[in-house]
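As structure tokens, the structure follows; a few thoughts come after it.
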Amino acid sequence: MRSLFWRIFASFWLAIALVAGLSMLLGRMLNQDAWLLSQHPAVAGLAEGWTQRYEQQGPQAAQAFLEQRKEVFRINVQVLGENGQPLVRGTFPPRAAAFEARAQNPKRLPWRRLNDDYNSPHSGETYLFIYRIPNPEVAAWQRESRLWPLSALGIALVVLTLFSLWLTLSITRPLNRLRGAVHDLGQTAYQQNSLARLAQRRDELGVLAADFNRMGERVQGLISSQRQLLRDVSHELRSPLARLRIALALTERAEVSEREKYWPRLSKECDRLEALISEILALARLDAEPGAAQPINLDELLHKLQEDARLDAPEQQIEIQLESGLQLNGWPDMLQRAMDNLLRNALRFNPVGQPIVLTASRNAEQLCLSVRDHGPGAAPELLARLGEPFFRAPGQTSSGHGLGLAIARRAAERHGGQLELSNHTQGGFIATLRLPLTAPQARP
Numbered sequence: 000m001r002s003l004f005w006r007i008f009a010s011f012w013l014a015i016a017l018v019a020g021l022s023m024l025l026g027r028m029l030n031q032d033a034w035l036l037s038q039h040p041a042v043a044g045l046a047e048g049w050t051q052r053y054e055q056q057g058p059q060a061a062q063a064f065l066e067q068r069k070e071v072f073r074i075n076v077q078v079l080g081e082n083g084q085p086l087v088r089g090t091f092p093p094r095a096a097a098f099e100a101r102a103q104n105p106k107r108l109p110w111r112r113l114n115d116d117y118n119s120p121h122s123g124e125t126y127l128f129i130y131r132i133p134n135p136e137v138a139a140w141q142r143e144s145r146l147w148p149l150s151a152l153g154i155a156l157v158v159l160t161l162f163s164l165w166l167t168l169s170i171t172r173p174l175n176r177l178r179g180a181v182h183d184l185g186q187t188a189y190q191q192n193s194l195a196r197l198a199q200r201r202d203e204l205g206v207l208a209a210d211f212n213r214m215g216e217r218v219q220g221l222i223s224s225q226r227q228l229l230r231d232v233s234h235e236l237r238s239p240l241a242r243l244r245i246a247l248a249l250t251e252r253a254e255v256s257e258r259e260k261y262w263p264r265l266s267k268e269c270d271r272l273e274a275l276i277s278e279i280l281a282l283a284r285l286d287a288e289p290g291a292a293q294p295i296n297l298d299e300l301l302h303k304l305q306e307d308a309r310l311d312a313p314e315q316q317i318e319i320q321l322e323s324g325l326q327l328n329g330w331p332d333m334l335q336r337a338m339d340n341l342l343r344n345a346l347r348f349n350p351v352g353q354p355i356v357l358t359a360s361r362n363a364e365q366l367c368l369s370v371r372d373h374g375p376g377a378a379p380e381l382l383a384r385l386g387e388p389f390f391r392a393p394g395q396t397s398s399g400h401g402l403g404l405a406i407a408r409r410a411a412e413r414h415g416g417q418l419e420l421s422n423h424t425q426g427g428f429i430a431t432l433r434l435p436l437t438a439p440q441a442r443p
């Protein structure tokens, strides 16, 4: 992964290294004596060459070496021993030495004086070299020697500028795209492909863009589903309200003796409306914070469902198949409502004389709660839509409101699982809640 951390880290270290190197270079340039001694060609290697000749060939060879250097570089040299006395005559004229001694301001002399100690690696003696370089020679050399440090400084600044510009754009451009995506999401106009290119980056911003893309897709889907749900609710509420209004109008026009026969119809429409509103509220409560998860007694839950079903449909037979040792953490009321909806759906289609089977079993790390009936089942092309709110299979529009399976599916998702709907291989219909056995977290 081309981590953004390493880009910033390398940029700072590159900047620090360049600044430190240039600072040292400029510091040596400002210290002109050290700069001249280390870089001027007239001085470079002079002390070592003179010492070698003096110690191996004698004073005459050392003096000739100094005179040869003066002819080439126009530099005057004196060499003093440890006692402070000249070891050779040198190339500095006595009259010039007297003039230098009388000068009150050394900076106004026509030459630059430099002193440097040299320790002989062979004899261990220390020699003091006194260099006198003419000012025009020093000025000419400084103009040439400053060119490459200034060039290095300019190149370093250009490199730093380009690298900083690249680093800045690699951060600000993705942030601007994320800002635009946040704005679009706030305006409910988020496009799933708006961050597709940014999500392909292999750094932290790419990971952030991929996560934001998934979040935006999820939020946009929730907004769309909520809008669709609101339209469906409006449509579903309009029908019972219209029937109530018709019944009221008929009641008002009827004679007093005939009004009694309309009251059951009004009561029935009120019950339908109340049941619809109750299911809508139950579906809405699943989006609220359910609180902390707690252990669920599956045996008690299934037997309670069995008792309630016997009260509503005493002619139906309910069987329970519970595997021992099952433990589940979740929200009991939510899970009971989901299973109750699945069981009521089975009671609606199961023929009398055939049992409805409630099963709780373990499959790997999942708990499977299933309700199986022996009814006609569902068309294969409709299985994928049975969990949608207010969707009812053709021919079943008079029974239910199409919210039972939607509530069960939403409850399974809140537990971190899923609802599977299918036709049983031996006939009938089976609905299965597949839930993780670990403690669930509150999910959106």
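Here the sequence shown is numbered in numbering that gives the first Met the number 0, starting from 0 and rising by one per residue. Every residue, glycine too, gets a C-beta built ideally from N, C-alpha and C.
1) Check whether the region 369-389 touches the region 242-260, taking contact to mean three or more Cβ pairs, one atom from each stretch, closer than 8 Å.
2) Can you find the residues in the same chain that come closer than 6 Å, C-beta to C-beta, to Ala438, ignoring five residues on each side of it along the sequence?
3) Taking contact to mean at least 3 C-beta pairs separated by less than 8 Å, is the region 171-186 in contact with the region 201-213?
4) Thinking C-beta only, is Ser421 closer than 8 Å to Leu368?
5) Need the endpoints of the alpha helix (DSSP H) that Ile406 sits in, please.
6) Could you spell out where the beta strand (DSSP E) holding Trp110 opens and where it closes?
7) Could you pull out every residue in the same chain whose Cβ sits closer than 8 Å to the Cβ of Pro85, ignoring the five residues on either side in sequence?
8) Could you spell out where the beta strand (DSSP E) holding Val356 opens and where it closes?
9) Measure the C-alpha to C-alpha separation of Arg237 and Pro263 and round it to an integer number of angstroms.
10) List in chain order: all unbroken beta strand (DSSP E) runs of 3+ residues lying wholly within the region 266-333.
11) To the nearest angstrom, how far is the alpha carbon of Ile279 from that of Asp202?
12) For Gly386 and Ala405, which I take to be in contact (beta-carbon distance under 8 Å), what is that distance rounded to the nearest angstrom?
13) Near Leu342, which residues of its chain fall below 6 Å by C-beta distance, leaving aside the five closest residues on each side in sequence?
14) By Cβ distance, which residues of its chain are closer than 6 Å to Gln326, with the 5 residues on each side in sequence left out?
15) With a 10 Å radius around its C-beta and 16 neighbouring C-beta atoms as the bar for buried, classify Asn349 as buried or exposed.
16) Any idea if Leu247 is buried or exposed, counting beta-carbon neighbours within 10 angstroms, 16 or more meaning buried?
17) Using a Cβ-Cβ cut-off of 6 Å (strictly less than) and excluding sequence neighbours within five positions of Arg242, which residues of its own chain qualify?
18) Could you tell me if Ile317 is buried or exposed, where buried requires 16 or more neighbouring beta carbons within 10 angstroms of its beta carbon?
19) First and last residue of the alpha helix (DSSP H) that includes Ala46?
20) Check for me: the beta strand (DSSP E) holding Arg433 runs from which residue to which?
21) Going by the beta-carbon positions, is the gap between Gln365 and Pro435 smaller than 8 Å?
22) Suppose contacts are defined by Cβ-Cβ distances below 8 Å. Is Trp49 in contact with Leu35 by that definition?
23) Using 8 Å for Cβ pairs, my map puts Val351 next to Gln315. What's the rounded Cβ distance?
24) Could you tell me whether the Cβ atoms of Gly416 and Leu402 are closer together than 8 Å?
25) Report the partner residues of Tyr126 according to the DSSP bridge assignment.
26) For Ala19, name the three-state secondary structure that DSSP assigns.
27) Buried or exposed, going by whether 16 or more other CB atoms sit within 10 Å of the CB of Asn340?
28) In the DSSP output, which residue or residues are listed as bridge partners for Glu419?
Taking the coordinates as given:
1) Output reads no: the region 242-260 does not touch the region 369-389.
2) In the sequence shown, residue 438 corresponds to position 439, counting from 1. Per-residue confidence for Ala438 stands at a pLDDT of 49, beneath the threshold of 50, marking its modelled position as unreliable; no derived number is given.
3) These segments touch.
4) On the sequence shown, residue 368 is found 369 positions in, with the first residue counted as 1. On the sequence shown, residue 421 is found 422 positions in, with the first residue counted as 1. In this structure, Leu368 keeps its C-beta atom at 8 Å or more from the C-beta atom of Ser421.
5) Sequence index remark: in the sequence shown, residue 406 carries index 407 (1-based). Looking at the DSSP string, the run of the alpha helix (DSSP H) that includes Ile406 is Gly403 to Arg413.
6) One-based indexing of the sequence shown puts residue 110 at position 111. In the DSSP annotation of this structure, the continuous segment of the beta strand (DSSP E) that includes Trp110 starts and ends at Trp110 to Asn118.
7) Against the sequence shown, residue 85 aligns to sequence position 86. Same-chain partners within the cutoff: Gln77, Val78 and Leu79.
8) Along the sequence shown, one-based indexing puts residue 356 at 357. Residues Ile355 to Asn362.
9) On the sequence shown, residue 237 is found 238 positions in, with the first residue counted as 1. On the sequence shown, residue 263 is found 264 positions in, with the first residue counted as 1. Roughly 20 Å separates the two Cα atoms.
10) Listed in chain order, they are 293-295, 317-321 and 327-329.
11) Residue numbering aside, residue 279 sits at position 280 when the sequence shown is read from its first letter. Residue numbering aside, residue 202 sits at position 203 when the sequence shown is read from its first letter. When rounded, the distance between both Cα atoms is 44 Å.
12) In the sequence shown, the residue the question calls residue 386 occupies position 387. In the sequence shown, the residue the question calls residue 405 occupies position 406. Yes, Gly386 and Ala405 are in contact; Cβ-Cβ is about 6 Å, under 8 Å.
13) For the purposes of this step, residue 342 is identified with residue 343 of the sequence shown, where counting begins at 1. Leaving aside the five residues that flank Leu342 on each side, the residues in its chain whose CB is nearer than 6 Å to its CB run, in chain order, Leu304, Ala308 and Val370.
14) Taking the sequence shown and counting its residues from 1, one reaches residue 326 at position 327. Excluding five sequence positions before and after Gln326, none of the CB atoms of its chain fall closer than 6 Å to its own CB.
15) Residue numbering aside, residue 349 sits at position 350 when the sequence shown is read from its first letter. When all chains shown are included, Asn349 counts as buried.
16) Taking the sequence shown and counting its residues from 1, one reaches residue 247 at position 248. Exposed, because fewer than 16 other Cβ atoms sit within 10 Å of the Cβ of Leu247.
17) Translated into positions along the sequence shown, residue 242 becomes position 243. Glu268, listed in sequence order.
18) Here residue 317 refers to the residue found at position 318 of the sequence shown. Ile317 is buried by the Cβ-count criterion.
19) Here residue 46 is taken as the residue at index 47 of the sequence shown, counted from 1. Counted as a single uninterrupted DSSP element, the alpha helix (DSSP H) harbouring Ala46 occupies residues Leu45 to Gln55.
20) What you label residue 433 is simply residue 434 of the sequence shown in a count that begins at 1. For Arg433, the enclosing beta strand (DSSP E) has its first and last residue at Phe428 to Pro435.
21) Sequence index remark: in the sequence shown, residue 365 carries index 366 (1-based). Sequence index remark: in the sequence shown, residue 435 carries index 436 (1-based). Judged by their CB atoms, Gln365 and Pro435 are nearer to each other than the 8 Å cut-off.
22) Counting from one through the sequence shown, the residue named residue 49 turns up at place 50. Counting from one through the sequence shown, the residue named residue 35 turns up at place 36. Taking 8 Å as the Cβ cut-off, Trp49 and Leu35 do not qualify as a contacting pair.
23) For the purposes of this step, residue 351 is identified with residue 352 of the sequence shown, where counting begins at 1. For the purposes of this step, residue 315 is identified with residue 316 of the sequence shown, where counting begins at 1. About 7 Å; that satisfies the 8 Å criterion.
24) Counted from its first residue, the sequence shown places residue 416 at position 417. Counted from its first residue, the sequence shown places residue 402 at position 403. Using a Cβ distance threshold of 8 Å, Gly416 and Leu402 do not count as a contacting pair.
25) As a working mapping, residue 126 is identified with position 127 in the sequence shown. For Tyr126, which the question treats as bridged, DSSP gives the partners Tyr117.
26) Along the sequence shown, read from residue 1 onward, the residue named residue 19 stands at position 20. Assigned with DSSP and collapsed to three states, Ala19 falls in helix.
27) One-based indexing of the sequence shown puts residue 340 at position 341. With 16 or more Cβ atoms within 10 Å of its Cβ, Asn340 is classed as buried.
28) The residue you call residue 419 lines up with position 420 of the sequence shown. DSSP output for Glu419 lists Thr431 as bridge partner(s).
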